[in-house]
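**Student:**
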Amino acid sequence: MNNLVQTIIYVLLATAAVVAAVITGAANTSGGDHDQLRIAREEIGKDVFTDFTAANAVELEITTYDEEAARLKSFSVKRDDLGQWVIPSHNDYPADAEQQMSAAASAFSALKIADLIGTETSLHAEFAVIEPNSDTLEVSNTGVGTLITVRDDQGNEYSLIVGNTVSVGNEAGADPRMQKLFYAARRPTDEITFTVDLNMDVFDTDFSKWIENNLLDINGLDLTTIDINDYAIYQTQQGPTLAPRSNSSLSLDETDNIWQLNSMLQYDDQSSEPSVITLTDDEELNSERIDTLKTALENLEIDDVARKPEFLRSDLRASNESLSTPGVISALGQLGLYGDPSTEKDGLMELKSANGEIHVSLKTGVKYILRFGEVDTETAGDETVKRFLFVTTRLDEAIIPQPELSPLPEGPANPAAAEEKDEEATTKPETPANPAAAEEKDEEATAKPETPANPTAAEKKDEEATAKPETPAPDEGCQDEPVATTETPAATVGDTPPQEGEPAEKPVAAPTATEKEDEDKPELAPVQLTPEQLKELRDQITKENERRTQEYEDKLAAARNRVRELNERFEKWYYLIDEKVYNQIHLSNTDLITAKSSALEDIKGLDEGGLDALGLPGLPGIPGLPSPTTPKP
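Structural data, given as structure tokens:
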């Protein structure tokens with residue numbers, strides 16, 4: 003065998019070996035894929051997480067990928083060291099997550115593999131189960147899923163990537179009513195893609211779905227006063243300038259349950275001079291806009307929240323030192339807050355908002371102050387514009403009426419002291435301070451009877467009175483009036499005895515019927531209470547006054563506590579609200595006033611024919627009534 007032949011043999015053997023190796027490798031690979039697929043199919047119907055317990059869940063994190071912005075977004079809820087649910091992705095804002103977190107954990111605990119999609123990595127993009135991971139993700143990636151991670155109190159982590167929806171039963175020709183939507187999913191540690199029956203609503207990343215929806219916690223029926231202070235603050239070369247627009251004050255008439263206008267001012271655009279606005283006979287308050295305002299306050303929802311800077315106090319006051327710092331002034335200006343020098347007190351200055359404020363008071367005595375700042379520049383390009391909102395509360399004592407206290411009846415409050423005083427008055431008659439002088443005075447009164455200063459004139463006056471009795475004029479008086487009589491002076495020691503021919507006593511006119519009636523009527527003596535009754539009455543009135551006072555004090559205390567609780571809720575945060583909500587709350591004078599509607603305008607169904615459209619007379623057109631007939635001339 004020559005060298006050529008040997009070379010050919012070696013080449014053929016090598017080629018055969020390569021082919022055998024390729025065939026053997028392919029067979030092995032096919033067997034491996036087959037085994038992997040077989041193992042994956044064995045997982046159908048089993049739990050996605052075998053050792054997960056819902057009751058132990060303490061944190062939920064949801065990561066999504068925004069393809070348009072090419073960035074990851076993360077939302078998380080967890081239980082803090084104090085056992086309270088907070089939202090770390092939003093500066094640990096308090097979450098109302100007890101029920102939602104329980105629902106999310108329960109969904110994870112009951113999750114099972116419904117069916118197998120495949121083991122190939124190429125399926126990940128097709129079914130959108132690529133992991134949203136900043137370390138492995140590229141800008142050009144599509145088919146990125148939602149990563150849901152739940153952590154328990156032992157630090158164990160359970161993650162699932164959820165992708166597109168998959169319709170089961172359609173390809174098999176099943177009845178469309180029997181079709182069901184599943185989600186494609188996979189665990190980040192596995193390449194296998196499978197389907198799960200999962201309610202994704204409990205994994206919503208909308209911030210407003212995880213917090214207390216009613217920010218102010220206001221019942222619209224409790225509103226009693228509304229004060230709208232509409233102004234604007236502009237940046238000029240001289241600094242921030244406040245331009246007043248209008249001031250309006252409304253109060254609820256609880257008797258008729260209607261809102262009344264207390265006062266309204268409108269400021270001139272150029273001079274800022276105020277003018278008083280009053281409603282004309284053809285105008286009234288716009289009850290529809292007021293009701294819209296009440297509803298917006300009652301259901302005020304926030305779109306986002308941010309933590310206040312450390313230099314900003316809970317009552318929206320800042321120190322003069324902080325307001326002199328350029329960085330602080332710039333940060334506040336972006337939010338729409340400016341110091342008001344006219345409010346400076348104890349080194350602190352109140353902050354005004356760029357777009358006015360509204361004050362609303364409840365029957366409970368709690369006053370809410372809402373200040374409206376600038377539009378958020380970061381969300382200015384979104385579909386909905388968001389505006390900064392700052393909320394504080396304070397006590398409005400004038401809303402809580404002071405108690406009406408009943409006066410105590412006059413008299414001694416202690417019956418024992420009164421009885422003792424009466425006994426002293428009975429047993430110890432009053433004696434003059436100088437008994438000798440009193441006796442001398444009594445002797446003089448007995449020895450020297452009183453005589454008139456001019457006896458002759460007195461006698462003459464008595465004779466005239468006897469001879470000429472006074473009688474009424476013919477035209478005076480009437481039958482029903484008593485007859486006038488002369489007054490007969492009582493006899494005294496020095497009177498002149500009657501003369502011969504005169505009666506011993508002077509005649510007196512007979513009493514009239516009216517006088518006789520009055521004499522027959524018993525006189526009503528004032529009710530006299532015994533000391534015991536008086537004390538009992540005073541005690542009753544005192545207890546009732548104390549009850550009313552205590553009730554008033556309890557209302558004040560409850561209002562103070564409520565103000566404290568609310569300020570603790572608002573003190574660390576400022577909020578972002580939708581511009582539509584802002585326009586519902588922030589009303590101008592033109593929003594509050596509307597023209598009165600006439601009775602004719604309120605009648606529904608009138609067309610251009612006016613009253614004739616009603617078919618008068620006869621009211622034709624009403625079902626069941628005959629048409630009117632035209633009367634013959």
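Going by this note's numbering, the first residue of the sequence shown is number 3, and it counts up by one from there.
All C-beta atoms, glycine included, are put in the ideal place defined by N, C-alpha and C.
Here the structure is a predicted model, which is why all the values come from computation and not from measurement.
1. Hey, out of Thr195, Ala112, Lys296, Leu295, whose CA is closest to Arg43's CA?
2. Nearest-angstrom Cα distance between Thr138 and Thr148?
3. In whole angstroms, what separates the C-alpha of Arg1 from that of Ala112?
4. Counting only the same chain and skipping the five closest in sequence on each side, list residues whose C-beta sits under 6 Å from that of Thr66.
5. Please state the DSSP three-state secondary structure of Phe54.
6. Please name the residue, chosen from Ala71, Asn322, Glu70, Ile402, that lies closest to Ala559 on a Cα-to-Cα basis.
7. If contacts are defined as beta-carbon pairs under 8 Å, then Leu218 and Leu302 qualify, I think. What distance do you get, rounded to the angstrom?
8. Between Ser108 and Ala186, which are expected to be in contact by the criterion C-beta below 8 Å, what is the C-beta distance as a whole number of angstroms?
9. Please look up how many angstroms separate the CB atoms of Leu350 and Arg389, rounded, as I've assumed it's under 8 Å.
10. Is the beta carbon of Trp212 closer than 8 Å to that of Val1?
11. How big is the Cα-Cα spacing for Pro434 and Gln552?
12. Quick check: what's the CA-CA separation for Pro276 versus Ala245?
13. Could you have a look at Lys310 and say whether DSSP puts it in helix, strand or coil?
14. From this set, Glu359, Ser289, Lys354, Thr151, which residue's C-alpha is nearest Ser599's C-alpha?
15. Based on Cα-Cα distance, which residue from Leu589, Leu578, Asp593, Asp541 lies nearest to Phe209?
16. Provide the residue(s) that pair with Val79 in DSSP beta bridges, ordered along the chain.
17. According to DSSP, which residues form a beta bridge with Met351?
18. Whole angstroms is fine: what's the gap from Ser321's alpha carbon to Leu353's?
19. Please list the terminal residues of the continuous beta strand (DSSP E) segment that includes Gln262.
20. Are Ala105 and Val204 touching if we call contact CB-CB under 8 Å?
21. Could you tell me how far apart the beta carbons of Leu295 and Ile595 are, in whole angstroms, since I believe they sit closer than 8 Å?
22. Could you tell me if Leu531 is buried or exposed, where buried requires 16 or more neighbouring beta carbons within 10 angstroms of its beta carbon?
23. I need the boundaries of the beta strand (DSSP E) containing Ser251, first residue and last residue.
24. Just the Cα atoms here: how many angstroms apart are Thr191 and Gly120?
25. Tell me whether Ala112 sits in a helix, a strand or coil according to DSSP, three-state version.
26. Could you tell me whether the Cβ atoms of Asp271 and Ile360 are closer together than 8 Å?
27. Under 8 Å, do Gly375 and Ala356 count as touching if we go by C-beta distance?
28. For Val583, collect the residues of the same chain with a Cβ closer than 8 Å to its Cβ; drop the 5 residues on either side in sequence, then sort them by chain order.
29. Alpha carbon to alpha carbon, how far is Leu372 from Ala333?
30. Look at Ile220 and Leu62 and say whether their C-beta atoms are less than 8 Å apart.
31. What separation, rounded to the nearest whole angstrom, lies between the Cα atoms of Val278 and Asn231?
32. Do Arg309 and Trp575 have their beta-carbon atoms positioned less than 8 Å apart in this structure?
33. Ser250 and Asn591 look like a contact to me (Cβ under 8 Å); what is the Cβ gap, rounded to whole Å?
34. What residue range does the alpha helix (DSSP H) around His588 cover?
35. Pull up the distance between the alpha-carbon of Gly335 and that of Ser91, whole angstroms please.
36. May I ask you to report which of helix, strand or coil DSSP gives Gly375?
**Tutor:** Inspection of the coordinates gives the following:
1. Thr195
2. 15 Å
3. Missing from the structure shown is residue 1; the chain here goes from 3 to 635 and no further.
4. Lys75, Thr148
5. coil
6. Ile402
7. 5 Å
8. Their Cβ separation, rounded to whole angstroms, is 22 Å, which puts Ser108 and Ala186 out of contact at 8 Å.
9. Leu350 to Arg389, Cβ: 26 Å. No contact.
10. The chain is shown from 3 up to 635; residue 1 falls before or after that span and cannot be answered.
11. For Pro434, the pLDDT reaches just 49, beneath the cut-off of 50, and the residue's location in the model is therefore unreliable, although a value from the coordinates is still provided. Going from the Cα of Pro434 to the Cα of Gln552 covers about 52 Å.
12. 12 Å
13. coil
14. Ser289
15. Leu578
16. Leu62
17. Ala320
18. 10 Å
19. 260 to 269
20. yes
21. In fact, because the Cβ distance is near 14 Å, the residues do not count as touching under 8 Å.
22. exposed
23. 241 to 255
24. 15 Å
25. coil
26. no
27. yes
28. Ala298, Leu302, Glu303
29. 20 Å
30. no
31. 14 Å
32. yes
33. 6 Å
34. Neither: His588 is in no alpha helix (DSSP H) and is coded neither H nor E.
35. 25 Å
36. strand
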